[in-house]
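*Asks:* Heads up, our numbering is the position in the sequence shown plus 1211, with the first residue counted as 1. Beta carbons: idealized from backbone N, C-alpha and C, even for Gly. None of the values given here were measured: they were computed from a predicted structure.
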Amino acid sequence: MKRKYLTIAALAAIVAGCSSDETLTPQVDNLKDTPITVSAGVEGMKTRAGYGTDATDDTQSVLPATFYLGIDQTGDDYDYPNMLMTKAEEGNAYTPESQLLWAGGTENVTVTAATFPLDGAQTLTVLADQSTAEGVTGSDHLLMTGKEVAPSAEGISVEFSHLMSKVLLTITLGDEFNEAENPFTDVTFKGTVASNSYTAGTGWAEIAADATATDITPLCNAYTAPATDKPNATAGYEVVLVPQTVAAGGFSVQFNVGDRTFKWTSASDVTLAGGYEYTLALTAGKDKVTLGGITASKWTPSATGSDLKTE
């Protein structure tokens, strides 16, 4: 009987030893020190100003050629506060200026990205001449702020949003005009400031009351000549503007039709919010221009839209 007790005790010791070994074996973090891959997209891919609608065609790509990436991970050695990323020749992959590594796979990281540097206040400007697609896209600054990302072998997918405001202008000609070709010239947005300081994580600086406004020429994106079923010609324009509030009597649109000059000026304050698209409808005829309406919606194709109430 004594030998039997010794055998059971020995077995118990062996089992206890195995259990202790398993507890001490560290779990392997397969992501630690592995490269981070980065891809990017733009919210509402077909909505980026000045671009065509074929997102698969790199000549009409909605993606920026470069952007700056910030990754906040556990441990300073794995933080990347302002990494320049460059788009590959095809697709939506980006290459970093220097290698990016995961600190590990167990804790989420915070990712920020922008088409401008992330190190402090930056002066963001819209171009005065946006009569070409390049002029519009060159004014369309993009941003992704503070996104929590779970580390994975698939890497990081940056989803940009629009930081600026976009205005879609439609002008309808009166019955006295019957032009086969677009008769509008010198279409100009007046009263808005073209530059302002922006800091990622903080936002826009306040625009000084005496800031100088810049005349901005929009891109013509459509013209429809008069027809039997639609006797009034229409022209469409788009422009990207800095978010701001323009006091009553300051925001206006001016254009020529032949030797006649038309100008519409808002009688109310106009507020342009970042990430919003505004539609402005005007009718020109009988030596005057009248407002057909103003609406606002989020700068995405799925937005339902809402009335823009000028303050």
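Using CA coordinates, which residue listed in 1333, 1445 and 1372 is at the minimum distance from residue 1468?
*Replies:* The shortest C-alpha separation from residue 1468 is found at 1445.
*Asks:* Report, in whole angstroms, the separation of the C-beta atoms of residue 1330 and residue 1293, which I expect to be a contact under 8 Å.
*Replies:* Contact flag correct, Cβ pair sits at about 5 Å.
*Asks:* DSSP beta-bridge partners for residue 1355?
*Replies:* Residue 1355 is bridged to 1324.
*Asks:* For residue 1347, which option in 1382, 1429 and 1273 has the closest C-alpha, if you only look at C-alpha atoms?
*Replies:* Answer by Cα proximity: 1429.
*Asks:* Rounded C-beta distance between residue 1367 and residue 1360? I'm assuming under 8 Å.
*Replies:* The Cβ separation is near 6 Å, so the contact holds.
*Asks:* Counting only runs that start and end within the region 1374 to 1400, where is the alpha helix (DSSP H) found for 4 or more residues in a row?
*Replies:* DSSP runs (the alpha helix (DSSP H)) wholly in the region 1374 to 1400: none.
*Asks:* Once you ignore the five residues that flank residue 1246 on each side, which residues in its own chain have a CB closer than 7 Å to its CB?
*Replies:* Closer than 7 Å at Cβ, skipping near neighbours: 1310, 1311 and 1312.
*Asks:* Along the chain, where does the beta strand (DSSP E) that runs through residue 1504 open and close?
*Replies:* That run of the beta strand (DSSP E) goes 1499 to 1509.
*Asks:* Residue 1381 and residue 1478 look like a contact to me (Cβ under 8 Å); what is the Cβ gap, rounded to whole Å?
*Replies:* Not confirmed; about 20 Å, so no contact.
*Asks:* Give me the residue from 1318, 1275, 1317 and 1284 with the minimum Cα distance to residue 1298.
*Replies:* Closest by alpha carbon: 1275.
*Asks:* Please state the DSSP three-state secondary structure of residue 1331.
*Replies:* Looking at residue 1331 - three-state DSSP - the assignment turns out to be coil, as it is neither helix nor strand.
*Asks:* Does DSSP put residue 1480 in a helix, a strand or coil?
*Replies:* Coil.
*Asks:* Which residues in the same chain as residue 1320 place their Cβ atom closer than 7 Å to its Cβ, once the five residues preceding and following it in sequence are excluded?
*Replies:* Closer than 7 Å at Cβ, skipping near neighbours: 1282, 1283, 1284, 1360 and 1362.
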